[in-house]
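Step one of this worksheet: look at the structure below.
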Amino acid sequence: MPLRRPAPQASPALVLPLVFAGAAVVTLGCWAGPASTTGVAGWLAWAGRLTGLLAGYACAVLLGLMARVPALDRGVGADRLARWHAAGGRLTLGLAAVHMLFATAAHVARSGAGVLEGTLGLILHGPAILAATAGLAILTAVGVVSARAVRRRMRYETWHYLHFLTYGAVYLAFAHQLTGPDFSGDPVTTTFWQALYAGVAAALAWYRFLTPVRRALRHRLRVAGVRLESPTVVSVYVTGRRLDELGAEPGQFFRWRFLAPGMWWSANPYSLSAPANPRFLRITVKAVGDHSRALARLRPGVRVWAEGPYGALTAARRRGPRVLLIGGGVGISPLRTLFETLPGEVTLVYMARRDEELVLRDELDAIAAARGATVHYTVDDLTATTTGHTVPLTGRSLRTLIPGLADHDVYLCGPEGMTAAARHALRRAGVPSRRVHLERFDF
Numbered sequence: 054m055p056l057r058r059p060a061p062q063a064s065p066a067l068v069l070p071l072v073f074a075g076a077a078v079v080t081l082g083c084w085a086g087p088a089s090t091t092g093v094a095g096w097l098a099w100a101g102r103l104t105g106l107l108a109g110y111a112c113a114v115l116l117g118l119m120a121r122v123p124a125l126d127r128g129v130g131a132d133r134l135a136r137w138h139a140a141g142g143r144l145t146l147g148l149a150a151v152h153m154l155f156a157t158a159a160h161v162a163r164s165g166a167g168v169l170e171g172t173l174g175l176i177l178h179g180p181a182i183l184a185a186t187a188g189l190a191i192l193t194a195v196g197v198v199s200a201r202a203v204r205r206r207m208r209y210e211t212w213h214y215l216h217f218l219t220y221g222a223v224y225l226a227f228a229h230q231l232t233g234p235d236f237s238g239d240p241v242t243t244t245f246w247q248a249l250y251a252g253v254a255a256a257l258a259w260y261r262f263l264t265p266v267r268r269a270l271r272h273r274l275r276v277a278g279v280r281l282e283s284p285t286v287v288s289v290y291v292t293g294r295r296l297d298e299l300g301a302e303p304g305q306f307f308r309w310r311f312l313a314p315g316m317w318w319s320a321n322p323y324s325l326s327a328p329a330n331p332r333f334l335r336i337t338v339k340a341v342g343d344h345s346r347a348l349a350r351l352r353p354g355v356r357v358w359a360e361g362p363y364g365a366l367t368a369a370r371r372r373g374p375r376v377l378l379i380g381g382g383v384g385i386s387p388l389r390t391l392f393e394t395l396p397g398e399v400t401l402v403y404m405a406r407r408d409e410e411l412v413l414r415d416e417l418d419a420i421a422a423a424r425g426a427t428v429h430y431t432v433d434d435l436t437a438t439t440t441g442h443t444v445p446l447t448g449r450s451l452r453t454l455i456p457g458l459a460d461h462d463v464y465l466c467g468p469e470g471m472t473a474a475a476r477h478a479l480r481r482a483g484v485p486s487r488r489v490h491l492e493r494f495d496f
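The opening position of the sequence shown corresponds to residue 54 in the numbering used here, with each subsequent residue numbered one higher.
Set out below in structure tokens:
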């Protein structure tokens with residue numbers, strides 16, 4: 054079989070400087086304004102102009118970050134992109150609100166009307182201002198449901214699909230932006246912004262909509278079987294055509310859409326729990342929501358759409374020959390593939406509350422025996438365990454368990470509380486942050 058070319062990857066150290074450089078470029082024309090600006094209304098209008106340009110640019114960047122461009126996803130990582138998207142979303146919402154405040158204040162000051170009269174007049178009669186106001190209202194609503202306290206009370210599927218409203222909000226805002234002073238009589242600026250938004254729209258259409266359809270038709274994925282790993286965890290086996298062409302690496306995940314009643318409309322992220330091979334793909338999932346609980350009821354033959362592969366929790370992050378894998382609960386899924394495939398000296402620490410939550414244990418033991426690796430099982434409940442061992446997540450305990458820990462690359466995957474505690478313990482143990490690799494799915 055011919056060697057597959059390495060997939061292109063975008064470095065995080067390059068992406069952010071490019072984003073900030075783009076912000077400087079799109080506001081260049083605005084910085085000539087202060088020299089000729091006079092009066093309170095003039096300065097308010099200039100501030101509104103600047104924040105409006107930045108908000109419009111930020112909208113395009115946010116959509117681009119989440120377009121699932123493979124080079125971005127493999128190089129930066131889905132979880133880091135999601136964190137940038139969340140932070141950028143808050144910044145964009147703030148810029149849009151400040152833009153509206155300054156623009157309205159400038160209009161009121163120039164018109165001499167009262168605040169209420171001037172505001173209503175601008176919204177109802179200004180160039181595409183009503184559309185921009187509706188767009189800001191939609192963005193604000195999406196921002197509210199994305200707040201952690203609110204999102205935790207919602208089904209993942211509901212939160213996910215509410216985000217599609219942002220496409221309409223950005224379209225409404227862009228229609229308003231093209232009426233601004235930076236675009237009047239300047240075809241170069243107008244063409245640049247149109248190209249920016251058209252490029253982002255093309256990336257979204259290709260990678261988020263057309264590519265999944267194309268791959269579904271090419272690979273014809275179907276459920277081959279479902280195996281119960283524990284009372285709350287199942288493994289789903291998927292077969293299809295040309296699976297080797299998917300190019301999935303150990304540690305990566307897909308967004309899975311099972312075309313079964315009640316499930317077809319949702320695409321959820323699940324990691325591969327076995328290295329991809331020409332015969333089947335496998336995911337191992339814990340029942341924590343409607344979608345994951347429904348997986349146990351899947352029947353062989355159900356059609357599957359798989360978007361991906363995504364994720365940067367792969368061998369490419371490794372910096373040295375010694376690796377520690379720390380998994381919690383069903384977070385063992387991507388680590389199980391890395392445990393089998395990573396070269397060098399590999400140690401696995403698998404944490405759970407009880408024995409029955411240590412899923413795939415027979416496979417892990419077989420891998421450890423085959424490659425001469427070490428696996429440590431640790432449980433919280435020692436009153437009903439055959440493991441009889443626990444490792445507190447402290448720097449001292451990890452240093453005792455893993456000799457030379459500071460020289461290891463560490464891969465983490467598990468519940469949020471466990472990964473936070475593990476990162477703190479690793480810092481106390483002297484492991485540099487650049488050697489700690491994780492990818493979360495709480496986005």
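The C-beta atom is built at its ideal place from N, Cα and C for all residues, glycine as well.
Which stretch, first to last residue, makes up the beta strand (DSSP E) that contains residue i?
{"i": "F306", "result": "F306 to F311"}
{"i": "M153", "result": "Unbroken run through M153 is the alpha helix (DSSP H), A131 to S164; no beta strand (DSSP E)."}
{"i": "Y363", "result": "R356 to Y363"}
{"i": "R375", "result": "R375 to G381"}
{"i": "E469", "result": "Element bounds for E469: not the beta strand (DSSP E) but the alpha helix (DSSP H), E469 to R481."}
{"i": "T431", "result": "T427 to V432"}
Distance check for residue j and residue i, CA to CA, integer angstroms please.
{"i": "A269", "j": "L69", "result": "33 angstroms"}
{"i": "R493", "j": "F155", "result": "38 angstroms"}
{"i": "G338", "j": "E410", "result": "At residue 338 the sequence reads Val, which differs from the Gly that was named. In a straight line, the C-alpha of V338 is about 12 angstroms away from that of E410."}
{"i": "H490", "j": "R371", "result": "9 angstroms"}
{"i": "P55", "j": "G293", "result": "Note that P55 scores a pLDDT of 38, beneath 50, so its modelled location is shaky and nothing firm can be said."}
{"i": "V36", "j": "A301", "result": "The structure shown has nothing for residue 36, since the chain only spans 54 to 496."}
{"i": "A190", "j": "A149", "result": "10 angstroms"}
{"i": "T104", "j": "V151", "result": "7 angstroms"}
{"i": "G304", "j": "Y250", "result": "33 angstroms"}
{"i": "L71", "j": "S64", "result": "11 angstroms"}
{"i": "G470", "j": "R406", "result": "13 angstroms"}
{"i": "R481", "j": "G342", "result": "35 angstroms"}
{"i": "V271", "j": "V241", "result": "Residue identity check: residue 271 is Arg in the sequence provided, not Val. If you take the alpha carbons of R271 and V241, they lie about 41 angstroms apart."}
{"i": "G467", "j": "M404", "result": "9 angstroms"}
{"i": "P485", "j": "T431", "result": "24 angstroms"}
{"i": "G75", "j": "W246", "result": "12 angstroms"}
{"i": "L465", "j": "R487", "result": "13 angstroms"}
{"i": "D408", "j": "R205", "result": "28 angstroms"}
{"i": "R350", "j": "E360", "result": "22 angstroms"}
{"i": "R127", "j": "L299", "result": "14 angstroms"}
{"i": "R143", "j": "T264", "result": "29 angstroms"}
Could you pull out every residue in the same chain whose Cβ sits closer than 6 angstroms to the Cβ of residue i, ignoring the five residues on either side in sequence?
{"i": "V79", "result": "L106 and Y110"}
{"i": "Y290", "result": "A277, G278, F333 and R335"}
{"i": "R261", "result": "R121"}
{"i": "R58", "result": "Because the pLDDT at R58 is just 47, under 50, the model does not fix this residue reliably, and the value given afterwards should be weighed accordingly. Correct list: empty, nothing qualifies."}
{"i": "V428", "result": "L401, L417 and A421"}
{"i": "S345", "result": "V338"}
{"i": "L348", "result": "V287, V289 and V338"}
{"i": "A426", "result": "V399"}
{"i": "G483", "result": "A459"}
{"i": "D433", "result": "R406"}
{"i": "M119", "result": "H138"}
State yes or no: is the C-beta of residue i nearer than 8 angstroms to some heavy atom of the ligand COA?
{"i": "R294", "result": "Only the bare structure without any ligand can be found here, which leaves the ligand COA out of the picture."}
Tell me which residues share the same chain as residue i and place their Cβ nearer than 7 angstroms to its Cβ, disregarding the 5 neighbours each side in the sequence.
{"i": "A374", "result": "The amino acid at residue 374 is misidentified as Ala; the sequence shows Pro. G397 and E398, listed in sequence order."}
{"i": "T90", "result": "W96 and W99"}
{"i": "L146", "result": "L192, T193 and G196"}
Using the Cβ count rule (16 or more neighbours within 10 Å means buried), how would you classify residue i?
{"i": "A200", "result": "exposed"}
{"i": "R295", "result": "exposed"}
{"i": "L81", "result": "exposed"}
{"i": "S319", "result": "buried"}
{"i": "V197", "result": "exposed"}
{"i": "M207", "result": "exposed"}
{"i": "L67", "result": "exposed"}
{"i": "D462", "result": "buried"}
{"i": "A202", "result": "exposed"}
Taking the alpha helix (DSSP H) that residue i falls in, what are its first and last residues?
{"i": "L417", "result": "R414 to R424"}
{"i": "V93", "result": "G92 to L118"}
{"i": "E170", "result": "V168 to H178"}
{"i": "V287", "result": "Where V287 is concerned, there is no enclosing alpha helix (DSSP H), although the beta strand (DSSP E) it sits in stretches over V286 to T292."}
{"i": "S89", "result": "No alpha helix (DSSP H) contains S89, which DSSP labels as neither H nor E."}
{"i": "I182", "result": "I182 to S199"}
{"i": "G278", "result": "Premise fails: G278 lies in the beta strand (DSSP E), L274 to S283, not in any alpha helix (DSSP H)."}
{"i": "S532", "result": "Any property of residue 532 remains undetermined from this structure, which presents the chain solely from 54 to 496."}
Below 8 angstroms CB to CB, which residues in the same chain sit around residue i once its five sequence neighbours on both sides are set aside?
{"i": "W317", "result": "R310 and F311"}
Using 8 angstroms as the Cβ pair cut-off and three pairs as the minimum, do the stretch 384–392 and the stretch 275–284 touch? Judged by Cβ distances under 8 angstroms, the stretch 384–392 makes no contact with the stretch 275–284, as fewer than three pairs qualify.
Are the stretch 393–405 and the stretch 316–325 touching by the rule of at least three beta carbon pairs closer than 8 angstroms? no
Segment contact, 8 angstroms Cβ cut-off, at least three pairs: the stretch 259–278 with the stretch 354–365: Yes, they touch.
Is there contact here, the stretch 358–368 with the stretch 118–138, by at least three beta-carbon pairs under 8 angstroms? yes
Okay, do the stretch 368–379 and the stretch 328–338 touch, 3+ Cβ pairs below 8 angstroms being the bar? no
Would the stretch 445–455 and the stretch 471–488 be scored as touching if the rule is three or more Cβ pairs under 8 angstroms? Touching, yes.
Quick check: the stretch 309–324 against the stretch 399–417, are at least 3 beta-carbon pairs closer than 8 angstroms? no
Taking 8 angstroms as the threshold, find out whether the stretch 216–234 comes into contact with the stretch 168–178 through three or more Cβ pairs. no
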